[in-house]
Amino acid sequence: MNNRSITVNQGKALGGSSAINAQIFAPPTKANSNSWETLGNEGWDWNALQKNMTKAYTYPPVEAGLEAALDVDGWAAKNDAAKGPIQTSFPKVAVHEAWANTMKGLGYPMAHDPFLGAASGSFSVLHSVDPITKERSYSASAYYQPHKDRENLVVLTGAHVDKILFDREGRVKASGVQYTHNGTTQTASVTKEVVLAAGTFQSPKILELSGIGDAKLLSKHGIDPVWDLPGVGENLQDHLACGIAYEAVDSLETLDALARQEPEAIGQALQEYATSQSGPLTSIGIETYAYLPIADSASQDSPVYKKLSKLLDDNRPPESDHRASALHSLVRQTLLDPKAPSGVHMTMRTQNPHPVDLAWSPESPAGPVPGKFLTLATVLSHPLSLGTTHIRSGDPTDNPVIDPAYLSNPVDAEVFASHILQIEQIAASEPLSSTFLKQPLRRRDPASDFKGDLGRAERFARTCSISMWHPAGTCAMLPLDKRGVVDSALRVHGVQGVRVVDASVMPLISNANLQAVVYGIAERAADLIKATWAT
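Okay, here's the thing in C-alpha cells:
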C-alpha cells in the first residue's frame, strides 16, 4: 500500500459503530456462512446465521408499484418472519433499474432474495433506515432505548475499561472488570460472566491488558500472563474498497455539492430534511449492490483461471499453520468457482476523492472538484492478507498498534485489480452507461483510466484504496489447533466467565457489509447466554 496510513473509524457512542456505518443491511452468501462450520464451529452454518439475522430486523413495507422496479417481487412473503428490532427500508434509487438491467446483460442476474442464500448477481439492498421516521435504525435506538428503564440494566457512559480481573485459584475465572470513570479507578464484580463487545480492535486489546494473549508479548509490556493464547489480535481481516468516479449526466441528482461542502447546498438539505424528512440527507451513500465473480474466469482453460490457480499454489501457507491453511483452502474454492463472488460492486451518486499519490499522477485532483459524478466502486470480499492488532503498551489509554497487511498476499492484489478493471466493463455497458454517464466516458481522476492494464489497476489500488471499515477476525472463533480465541459458544479458550460478541469472532470475514452478520452473531450469543444460565 505504498507505506500509507489508512484511517479506520470506530463508533465511540451508544451503539458503537452501528451509529456511524453506511447502513447497508446485506447478508453473506450461503457458502461464506457455511465456511464457519467447516473451520470447526459446529452449529455455525448458513441455516443458523440466517435464522439469527432474521430475528434482528424487520422486512419493510414496499410502496405499491415499486416491487417490480426494485426487483423484489415476492420477497415480502419469504421474509414474513423478519420482525426484529432493526428497521429497514429500500432507498429510492434513480440508477437501480439501469444497474440491474446492466448486470443482467453482463450475465449477473440475482436468482432470488439474497436472504435466502443467493450466490451472485445484483440485488436491491436493504438499509438500516426506519421507513417511517427516515432515521438511522441502530443498536442503541433498536435494542437499548426500548429497555433503558429496566431495573437490571445500567449503562455507564464516559467509562474506560482497564482490564478484566481474574480469580486464579484453581481454574482461571473472571471475577470483575476494572474501569476508570471520572478520573477514579473502580471495579464491577462479576457473578456470572463478562461479555466483551468492544469491537475488532478493542476486544483483543482488553484481553491482552487482562493477561490473555501471547505470553511473550504480554511480558514485553510488563503484563503478567494469565493465560497464553497466541491467537489474540491475530487474523485481522478487512475489506478494501476502490472506486472510479465518472462524470454524470446533468439530469442525475448527485451529492457532489455536499461533498464540496457548499454552504447553500448544505442549508437547503438541512431545511428540506427538517420540514419534510426528504431530500439529499435521506440519501444513502451506497445505493446499488452486486456480488460478482472475477470476469473471464469461467473456464479452467482460460488464462485468468490458470494465472489465479498458479498464484494460489505459489502462495499457499505452510501446512504447519493450520489456521492460515484452512482459510486459504476455503478462499481458494471460492476464487476458482466461476459462480462464486469474490468482489462486491456498488454505486454512489457522488465523486469519491481517494487519496492520490501525486508523484505518480500529478494531474490528479487532490480534493472534491466541480461537476456531477457517479462513482462505481468495488470491494475485495475474501482477503488472504491477514493482519494484526496488539497493545502498544500496558497503558489502557494507548491505542493499539494495527497492521492490516493490506494486499500483502499477491493473490489479493491480483483479484482486487481484476475487479477494478471490471468497473471499466460495467461503466461501458448498457443501459447504465448512456443513461447516467456522459459520453464518451470521462473520469474525475485521469489515473483511473487503466486501458485494460491490470498492472495500472493494481498500482491505483495500492495508491487510492481505502478501508470499508469492516475489520474482523481478531478474536477468531476457531479451535485451539487453529489458534482460535473463542470456542463455538463464543467463550474465551482456557478461562471461565468471558465471552466475546462482536465482529472480532468471525473466523472468515463475511463477503458482505458486516452489520447484518454482527446482529446475527449477537442474537445467537443471547440464546447461548440464556441457555447457560437458564437453571
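Once you know that position 260 of the sequence shown is 260 in full-length UniProt numbering, the rest is easy, because the numbers rise by one and skip nothing.
By construction, the Cβ of each residue, glycine as well, lies at the ideal position given by its N, Cα and C atoms.
If I measure Cβ to Cβ from residue i and keep anything under 8 Å in the same chain, skipping five residues before and after, which residues do I get?
{"i": "Gln268", "result": "Gly279"}
{"i": "Leu106", "result": "Gln425, Ile426 and Ser429"}
{"i": "Glu135", "result": "Val129 and Ser141"}
{"i": "Thr535", "result": "none"}
{"i": "His147", "result": "Leu153"}
{"i": "Gln422", "result": "Leu292, Ile294, Ala295, Gly343, His345 and Thr378"}
At what residues does the beta strand (DSSP E) containing residue i begin and finish?
{"i": "Ile402", "result": "Val401 to Asp403"}
{"i": "residue 538", "result": "The chain is shown only over 1 to 535; residue 538 falls outside these bounds and no answer can be derived."}
{"i": "Lys173", "result": "Lys173 to His181"}
{"i": "Phe123", "result": "Gly121 to Phe123"}
{"i": "Cys242", "result": "Leu240 to Glu247"}
{"i": "Phe166", "result": "Ala159 to Asp167"}
{"i": "Val498", "result": "Val498 to Val500"}
{"i": "His493", "result": "Element bounds for His493: n/a, residue is neither H nor E."}
{"i": "Leu374", "result": "Phe373 to Leu380"}
{"i": "His345", "result": "Gly343 to Met348"}
{"i": "Tyr289", "result": "Thr288 to Leu292"}
To the nearest angstrom, how far is the alpha carbon of residue i from that of residue j?
{"i": "Thr474", "j": "Ser219", "result": "20 Å"}
{"i": "Val8", "j": "Arg483", "result": "25 Å"}
{"i": "Asp162", "j": "Val415", "result": "41 Å"}
{"i": "Ala159", "j": "Gly84", "result": "30 Å"}
{"i": "Tyr144", "j": "Glu169", "result": "36 Å"}
{"i": "His390", "j": "Pro400", "result": "5 Å"}
{"i": "Gly213", "j": "Pro404", "result": "19 Å"}
{"i": "Gly231", "j": "Phe460", "result": "33 Å"}
{"i": "Pro396", "j": "Leu209", "result": "7 Å"}
{"i": "Ala457", "j": "Thr463", "result": "10 Å"}
{"i": "Asp487", "j": "Ile529", "result": "13 Å"}
{"i": "Thr532", "j": "Asp45", "result": "21 Å"}
{"i": "Leu252", "j": "Leu49", "result": "38 Å"}
{"i": "Asp527", "j": "Leu196", "result": "16 Å"}
{"i": "Glu67", "j": "Thr184", "result": "56 Å"}
{"i": "Gly11", "j": "Ala198", "result": "10 Å"}
{"i": "Pro368", "j": "Glu264", "result": "16 Å"}
{"i": "Asp453", "j": "Ala417", "result": "9 Å"}
{"i": "Glu272", "j": "Pro431", "result": "31 Å"}
{"i": "Ser175", "j": "Lys51", "result": "33 Å"}
According to the Cβ coordinates, are residue i and residue j closer than 8 Å?
{"i": "Ala19", "j": "Ala13", "result": "yes"}
{"i": "Ala26", "j": "Leu126", "result": "yes"}
{"i": "Ser128", "j": "Tyr108", "result": "no"}
{"i": "Asp412", "j": "Leu380", "result": "yes"}
{"i": "Leu308", "j": "Pro341", "result": "no"}
{"i": "Asn32", "j": "Ser510", "result": "yes"}
{"i": "Trp227", "j": "Val172", "result": "yes"}
{"i": "Ala516", "j": "Met53", "result": "yes"}
Identify, in the order they occur along the chain, each residue of the same chain with its Cβ nearer than 6 Å to the Cβ of residue i, setting aside the five sequence neighbours on each side.
{"i": "Ala140", "result": "Leu14 and Gly15"}
{"i": "Ala56", "result": "Gly84, Ile86, Tyr519 and Glu523"}
{"i": "Ser393", "result": "His221"}
{"i": "Ala503", "result": "Thr200, Ala472, Leu514 and Val518"}
{"i": "Ser467", "result": "Ile6, Val8 and Asp238"}
{"i": "Tyr138", "result": "Gly15, Ser18 and Ala19"}
{"i": "Ser465", "result": "Leu240 and Cys242"}
{"i": "Asn41", "result": "Met477 and Ser488"}
Apart from the five residues on each side of it in sequence, which residues of its chain come closer than 7 Å, Cβ to Cβ, to residue i?
{"i": "Leu255", "result": "Pro280, Ser283, Arg349 and Thr350"}
{"i": "Gln186", "result": "Tyr179"}
{"i": "Gly285", "result": "Ala22 and Met348"}
{"i": "Asn352", "result": "Gly243, Ala245, Thr375 and Ala377"}
{"i": "Ser385", "result": "Ala405, Tyr406, Leu407, Ser408, Asn409 and Asp412"}
{"i": "Glu97", "result": "Ala69"}
{"i": "Leu490", "result": "Met477, Arg499, Val500, Val501, Val505, Ala525 and Leu528"}
{"i": "Leu229", "result": "Ile212, Gly213, Val485, His493 and Gly494"}
In terms of alpha-carbon separation, which member of the options lies closest to residue i?
{"i": "Ser299", "options": "Ser320, Ala290, Gln261 and Lys339", "result": "Lys339"}
{"i": "Gly233", "options": "Arg332, Leu374 and Ile402", "result": "Ile402"}
{"i": "Thr29", "options": "Gln261, Ala290, Pro91 and Ile266", "result": "Ala290"}
{"i": "Asn182", "options": "Gly199, Thr157 and Glu193", "result": "Thr157"}
{"i": "Tyr365", "options": "His345, Met103 and Arg444", "result": "Going by the sequence as given, residue 365 is Pro instead of Tyr. Nearest of His345, Met103 and Arg444 to Pro365, Cα basis: Arg444."}
{"i": "Val501", "options": "Ala512, Thr38 and Val485", "result": "Val485"}
{"i": "Asp321", "options": "Lys372, Lys104, Pro131 and Asp481", "result": "Asp481"}
{"i": "Pro131", "options": "Lys148, Phe90 and Ala69", "result": "Phe90"}
{"i": "His328", "options": "His382, Thr191, Asn511 and Tyr305", "result": "His382"}
{"i": "Pro225", "options": "Ile164, Val95, Ser302 and Ser418", "result": "Ile164"}
{"i": "Val492", "options": "Ser203, Asn3 and Gly65", "result": "Ser203"}
{"i": "Ala241", "options": "Ile223, Ile420 and Ser17", "result": "Ile420"}
{"i": "Lys306", "options": "Arg323, Ser325, Ala324 and Arg332", "result": "Arg332"}
{"i": "Glu287", "options": "Ala100, Ala526 and Pro60", "result": "Ala100"}
Which two residues bound the contiguous alpha helix (DSSP H) that contains residue i?
{"i": "Val518", "result": "Gln515 to Thr532"}
{"i": "Val415", "result": "Pro410 to Ala427"}
{"i": "Leu49", "result": "Trp46 to Ala56"}
Compare the C-beta of residue i with all C-beta atoms of chain B and state if any pair is closer than 8 Å.
{"i": "Leu336", "result": "The chain inventory of the structure shown lacks chain B, comprising one protein chain alone."}
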